[in-house]
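Take a look at the structure below.
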Amino acid sequence: MSFKGQKVQLSGWVQKSRDLGGMTFIDLRDRYGITQLTFNLEENTDLCEEARKLGREFVIQIDGTVIERSNKNPSIPTGEIEIEVKSLTILNAAKTPPFTIEDETDGGEELRMKYRYLDLRRKVVQEKLKLRSLLAQEIRAYLANDDFLEIETPYLIKSTPEGARDFVVPSRMNEGEFYALPQSPQTFKQLLMVSGYDKYFQIVKCFRDEDLRADRQPEFTQIDCELSFVEQEDVLQTFEALMKHLFKAIKGIELNDFPRMSYDQAIKNYGSDKPDIRFGMEFHELNSRSQGHGFKVFDDAELIVGICVPKASNYSRKQLDALTDFVKRPQVGAKGLVYVKLNDDGSIKSSIDKFYTADQLQAWGEAMNAKKGDLLLIISGSENQSRSAMNELRLHMGDQLGLRPKNTFAPLWVVDFPLLEKDEETGNFHAMHHPFTSAKLEDLEQLEKDPLLVRANAYDMVINGVELGGGSIRISDRSMQNKMLNLLGFSEDEAKAQFGFLMDAFEYGAPPHGGIAFGFDRICALFGGTDSIRDYIAFPKNNAGRDVMINAPSRLDKAQLDELNLHLKAIKKGKD
Ligand code: ASP
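My numbering puts the first residue of the sequence shown at 1215, with every later residue one more than the last.
Rendered as structure tokens:
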């Protein structure tokens, strides 16, 4: 209303137009919102007739006067005014878009991705990219204010193992040789510490060739950070403060101090190293109570683990069958599900009544802090399998009972990760975080005797069951780094060939250092309240790693292959 009477020029896209008697109304849209334009057939016949020809998504520019609307629309910020148009220029015509440019569009995912530039016009999508931009700016400002330097590192590098496959790029100038795209800037940020840039950060693309899920993309963005002269506690404090700041600045939420949980505790109580602690239903191990009563399934199991689902003893046969089907899905992997209902009237009903007395089952319930009206769900099998299946079931129950609301945030640090894990198939050790992670001093002597018992100075920040970031205090001395690489199966020569540059650097005055990297796309999704990180990426890839808009990846022609000295072994016909 403060613009009433002013002459204005507006440019944008035609959202929709309506002809009502002698008037034509057009909703003009741009990134900032919608403004209503009016054309009067009687007063300006030519102009109004021209307006009547405009189609959806035409790009126009108008001059006119801001007037007060007689019929106000309080639901939009410009709803009190409209523009009485004096002149109209069509800057560009538009074909009818293949789906409606509305919050609730009629376009399916595949179609919207093919025309992502149209999808990006939708307000709901724009809001997500705006949130991303806001977060990036807030993070930059916060870290810069804390003396962090933003330093770029190269994309064409040599492979850095972070547990995934590398994307590789052939080098034209160096025949037969390849660059790898960084899975993260890990070794470069460590080198920057050796160079004395004691607080580094970068909002940076990382590339990992792995199978894709809703929260994975082949290229994704990290907030990558490293500090010198720090211990684990310094890193946790620094980045807990960053996260609290972001919640306050962006969402107006004050988070309490983040609780800490050891990896062992997380696995034992939640079956996951990224527990969702918005709700309870912690695991209870029932081996000693349940074995030796003639129930073979339990007697043969390595682990019998249960959760107590509050107020769910009224679950019907059908609901319990559905839960059994859920845990038996190959992705969940349990063989079956046992239930015990602690009914409101004090009676007990279970799927294992044959093997246990009501008193025994009652005692299980007590051990699990169950109350009348609760439902016990129990899974058994090998340790790993039953824990991971129970983790899935616990989250599923959390969803079913509405215990995972999007606007509640339960952060924590998971600490004391094991340094190594064993590959069940090959028997080889892998670094649980990455090969540059240091061991806890007090566990060092175990490194020779029982390496799997050694804990690392490694930590993850987890919020609502999502691993938002992870890092470690690094090894900063040559012989230790060498030892670690040997443990991981690198020969002396291989270690030197692959990581000689880093180990050399450690001999020229490397400060103690450590850091962390956050998944920026995941932070965006968490703040935006949706599950898929794709929504927060302007041009994401689909599940097959394809960009269906530009049709990538694609074949190279022979000339280009020749120039790169590449000879392809077999090309399947019929694919383009
Ligand atoms: N480079 C690690 C990662 O991408 C993070 C870190 O250790 O700082 O997970």
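From the three backbone atoms N, C-alpha and C, an ideal C-beta is built for every residue, glycine too.
Taking 7 Å as the cut-off, does the CB of residue i come closer than this to any heavy atom belonging to the ligand ASP?
i       : result
SER1686 : yes
GLY1729 : yes
GLN1436 : yes
GLN1400 : yes
HIS1799 : With the chain represented from 1215 up to 1790, any question about residue 1799 goes unanswered, as that position is not in the structure.
GLU1376 : yes
Give the DSSP-derived three-state secondary structure of residue i in the structure shown.
i       : result
HIS1644 : strand
SER1347 : helix
LEU1302 : strand
ARG1422 : coil
GLN1223 : strand
GLN1416 : strand
THR1651 : strand
GLY1742 : helix
MET1457 : helix
LYS1465 : helix
VAL1444 : coil
LEU1187 : This structure leaves residue 1187 out entirely; the chain is present only between 1215 and 1790.
ARG1430 : coil
ASP1490 : coil
VAL1762 : coil
GLN1436 : strand
ASP1184 : Outside the shown range of the chain (1215 to 1790) lies residue 1184, about which nothing can therefore be said.
LYS1585 : coil
SER1600 : helix
On the CB-based measure, 16 or more other CB atoms within 10 Å of its CB, does residue i come out buried or exposed?
i       : result
MET1582 : buried
LEU1740 : buried
ALA1159 : The structure shown has nothing for residue 1159, since the chain only spans 1215 to 1790.
MET1407 : buried
ARG1503 : buried
PHE1217 : exposed
PHE1753 : exposed
GLN1451 : exposed
GLY1321 : buried
LEU1441 : buried
SER1693 : exposed
GLY1236 : exposed
THR1238 : buried
VAL1668 : buried
TYR1414 : buried
GLU1296 : buried
ARG1245 : exposed
ALA1709 : buried
GLN1695 : buried
GLU1445 : exposed
ASN1605 : buried
ALA1394 : buried
ALA1784 : exposed
PRO1544 : exposed
Is the beta carbon of residue j closer than 8 Å to that of residue i?
i       : j       : result
LEU1234 : LEU1261 : no
LEU1325 : PRO1311 : no
GLY1579 : LEU1591 : no
ILE1737 : LEU1626 : no
ASP1749 : LYS1755 : no
LEU1242 : THR1249 : yes
ASP1735 : THR1435 : yes
ARG1270 : VAL1299 : no
ARG1618 : GLY1485 : no
ASP1514 : GLY1506 : no
PHE1623 : ILE1677 : yes
MET1646 : PRO1632 : yes
LEU1551 : LEU1537 : yes
PHE1569 : GLY1508 : yes
LEU1500 : ASN1757 : no
Would you say residue i faces chain B, with C-beta separation under 8 Å as the test?
i       : result
GLY1612 : Given the protein chain composition of this structure (a single chain), no chain B is represented.
Quick check: does the Cβ of residue i come within less than 7 Å of any heavy atom belonging to the ligand SAM?
i       : result
ILE1437 : For the ligand SAM, the structure offers nothing, since it holds only the ligand ASP.
Could you give the uninterrupted runs of the beta strand (DSSP E) lying entirely in the segment 1227-1280, keeping only those of 3 residues or more? 1237-1244 and 1247-1254
Write down every uninterrupted run of the beta strand (DSSP E) in the segment 1681-1739 whose length is 3 residues or greater and which is fully enclosed by it, in chain order.
1727-1733
field: Minimum length 4: unbroken alpha helix (DSSP H) runs contained in the segment 1492-1534
entry: The segment 1492-1534 contains these whole alpha helix (DSSP H) runs: 1501-1504 and 1510-1513.
Practice task
May I have a chain-ordered list of the beta strand (DSSP E) segments no shorter than 3 residues that lie completely inside the segment 1537-1574?
Solution key: The qualifying runs are 1552-1556 and 1562-1564.
For the segment 1337-1393, which segments carrying the beta strand (DSSP E) assignment without a break, of at least 3 residues, lie completely within its bounds, in sequence order? 1382-1384
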